[in-house]
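Peer 1: In my numbering, the protein residues as written are 20 to 482.
Note that CB positions come from ideal geometry on N, CA and C, so glycine has one too.
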């Protein structure tokens, strides 16, 4: 082990203690599970045995972690302290991505790369995505190609994991992986130790970092001043973006740093400007507000994301913006963010949603009715729901039927009957949902077709 690695090992050991002391209430995600505990180190023979068994050589930084910091712990699957639910023990959970013939795939070169295109990833998944009749054996073979050379490192929850590239050009890099085959994302750091140390730096408060500058000037999760030194020292967009991501993940920023962020926002454009806007929104919403308002000319989606992610308590500030853009929003993701913001206001936003129920994009209409159905006073918008029950799209009708849960209004029965007559056999789960709505009236999709509704209402009154 060289001097640089030796120093890093000692820093990480010290930072584990500081992080545990800082997060005494175990509020960091996953901390309540791993409790910052790391088990006993492994021997060089244990590593050699693993490498012989799998016919590969582990990346050096990962080996140094196992040999000098620890292996396993008390978290999920006996994981050691680390990002999310921690770091798996050596040799455990190696088959998270590929259940069969794991050993034959781990030794192969990794096929993915940090800058791979969406098309490359799509092509890599093509045989699975386009073959509905694929056998289990063929499916496993395809997974082997997709996830070759990737060692599962630990769980992030659900289908998400961090993994270590074992072979090929990017050996030693850490990758965020979804076992459901969403496109993977490489972390910035060149090796496991740098990635692990940055996780610790993101937990430890800025005041502790500034009082121990020798410990916190090495990673992009360290002192803000050091991060901006790296930011200004390069012209590479990806490095600048990762520097800003390090700033964004901090809990607090001092006024001088916020001034610097705003200055940079004014002189930048594109992805960097968007990231700077996120930082401003998170740490000084009032200062960010005029910039957010101006940025709506560029992208409503980016603005709504900023507000929802970092200042959702200010959602009501954006009601007029949503209203004034009701006729121009035709992007599903932008409208979805609209509904999130509206819900955060805890106001009656029904009138704002009504125009979207007539949008030419059926997916926006579906989202509009879903959001309308979340209102406590949704019965006040019965005419809008009736329009939805007569929509040309079965998926919209399905959404409206679900949104009408709990609403009883005699005006609905005429339209329920129309649906039953138009759709005699189950299609798109419409009849199942229709019958849920009709149950309140003592009817079904079959009986309502034979029911004289005028007589039905008279009989109900008599009861």
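Taking the runs of the alpha helix (DSSP H) that are 4 residues or longer, which of them lie wholly in the region 346-398?
Peer 2: 351-364, 369-372 and 381-391
Peer 1: Residue 154 and residue 178: beta carbons closer than 7 angstroms?
Peer 2: Their beta carbons are not under 7 angstroms apart, which means residue 154 does not touch residue 178 by this criterion.
Peer 1: Using only the alpha-carbon positions, how far apart do residue 238 and residue 244 sit?
Peer 2: 11 angstroms
Peer 1: Label residue 53 either buried or exposed according to how many other C-beta atoms from any shown protein chain fall within 10 Å of its C-beta, with 16 as the threshold for buried.
Peer 2: buried
Peer 1: Tell me the rounded alpha-carbon separation between residue 86 and residue 380.
Peer 2: 57 angstroms
Peer 1: Touch check for the region 420-438 and the region 450-462: three-plus C-beta pairs under 8 angstroms?
Peer 2: yes
Peer 1: Using the rule of at least 16 other Cβ atoms within 10 Å of the residue's Cβ for burial, across every protein chain shown, is residue 220 buried or exposed?
Peer 2: buried
Peer 1: Evaluate residue 391 with the Cβ neighbour count: other Cβ atoms within 10 Å of its Cβ, from every protein chain shown; 16 or more gives buried, anything less gives exposed.
Peer 2: By the neighbour-count rule (16 or more Cβ atoms within 10 Å), residue 391 is buried.
Peer 1: Report the rounded CA-to-CA distance for residue 102 versus residue 252, giving the unit in angstroms.
Peer 2: If I take the Cα positions, the gap works out to 28 angstroms.
Peer 1: Between the region 180-193 and the region 79-96, can you find at least three pairs of beta-carbon atoms closer than 8 angstroms?
Peer 2: yes
Peer 1: Could you check where the beta strand (DSSP E) with residue 213 kicks off and where it finishes?
Peer 2: Premise fails: residue 213 lies in the alpha helix (DSSP H), 211-222, not in any beta strand (DSSP E).
Peer 1: Look at the alpha carbon of residue 214 and the alpha carbon of residue 275, and state the distance between them as a whole number of angstroms.
Peer 2: 27 angstroms
Peer 1: Which one of 393, 413, 433 and 183 has the shortest CA to CA distance from residue 425?
Peer 2: 393
Peer 1: Start and end of the alpha helix (DSSP H) containing residue 182?
Peer 2: Looking at the DSSP string, residue 182 is not in any alpha helix (DSSP H); the run it does join, the beta strand (DSSP E), is 179-184.
Peer 1: Distance, Cα to Cα, residue 538 vs residue 387?
Peer 2: Absent from the model: residue 538. The displayed extent of the chain is 20 to 482, so no value can be given.
Peer 1: Can you tell me which of 369, 293, 336 and 37 puts its alpha carbon nearest to the alpha carbon of residue 308?
Peer 2: 336
Peer 1: Got a sec? Which residues, its chain only, sit under 6 angstroms from residue 464 by beta carbon, not counting five neighbours each side?
Peer 2: 439, 450, 453 and 454
Peer 1: Expressed to the nearest angstrom, what Euclidean distance is found between the alpha-carbon atoms of residue 312 and residue 278?
Peer 2: 19 angstroms
Peer 1: Quick check on residue 174: buried or exposed, where buried means 16 or more other Cβ atoms within 10 Å of its Cβ?
Peer 2: buried
Peer 1: Does the Cβ of residue 248 have 16 or more other Cβ atoms within 10 Å, making it buried, or fewer, making it exposed?
Peer 2: With fewer than 16 Cβ atoms within 10 Å of its Cβ, residue 248 is classed as exposed.
Peer 1: As a quick exercise: from 271, 287, 265 and 280, pick the residue whose alpha carbon is nearest that of residue 254.
Peer 2: 287
Peer 1: Look at the alpha carbon of residue 218 and the alpha carbon of residue 33, and state the distance between them as a whole number of angstroms.
Peer 2: 13 angstroms
Peer 1: Going by the CB atoms, is the gap between residue 112 and residue 94 shorter than 7 angstroms?
Peer 2: no
Peer 1: Taking just the CA atoms, how far does residue 345 sit from residue 184?
Peer 2: 46 angstroms
Peer 1: Does the separation of the CB atoms of residue 327 and residue 359 fall below 7 angstroms?
Peer 2: yes
Peer 1: Hey, residue 216 and residue 31: beta-carbon distance below 7 angstroms or not?
Peer 2: yes
Peer 1: Can you list, in chain order, the residues of its chain whose CB lies under 6 angstroms from that of residue 163, leaving out five sequence neighbours each side?
Peer 2: 117 and 124
Peer 1: Between the alpha carbons of residue 447 and residue 441, how many angstroms are there, rounded?
Peer 2: 13 angstroms
Peer 1: What are the residues that DSSP puts in a beta bridge with residue 205?
Peer 2: Residue 205 is bridged to 194.
Peer 1: Considering only the alpha carbon of each residue, which of 223, 166 and 108 lies closest to residue 269?
Peer 2: 223
Peer 1: Between the Cα of residue 134 and the Cα atoms of 151, 51, 256 and 170, which residue gives the shortest distance?
Peer 2: 256
Peer 1: Could you please give me the residues that DSSP links to residue 174 through a beta bridge?
Peer 2: Answer is 180, bridged to residue 174.
Peer 1: Select from 186, 372, 201 and 471 the residue whose C-alpha is nearest the C-alpha of residue 127.
Peer 2: 186
Peer 1: From the DSSP output, which residues share a beta bridge with residue 451?
Peer 2: BP columns for residue 451 are empty, so no partner.
Peer 1: Please classify residue 48 as buried or exposed, where buried requires at least 16 other C-beta atoms within 10 Å of its C-beta.
Peer 2: exposed
Peer 1: Going along the chain, which unbroken runs of the alpha helix (DSSP H) with 4 or more residues stay wholly within the region 241-322?
Peer 2: 243-251, 256-267, 274-286, 289-302 and 304-314
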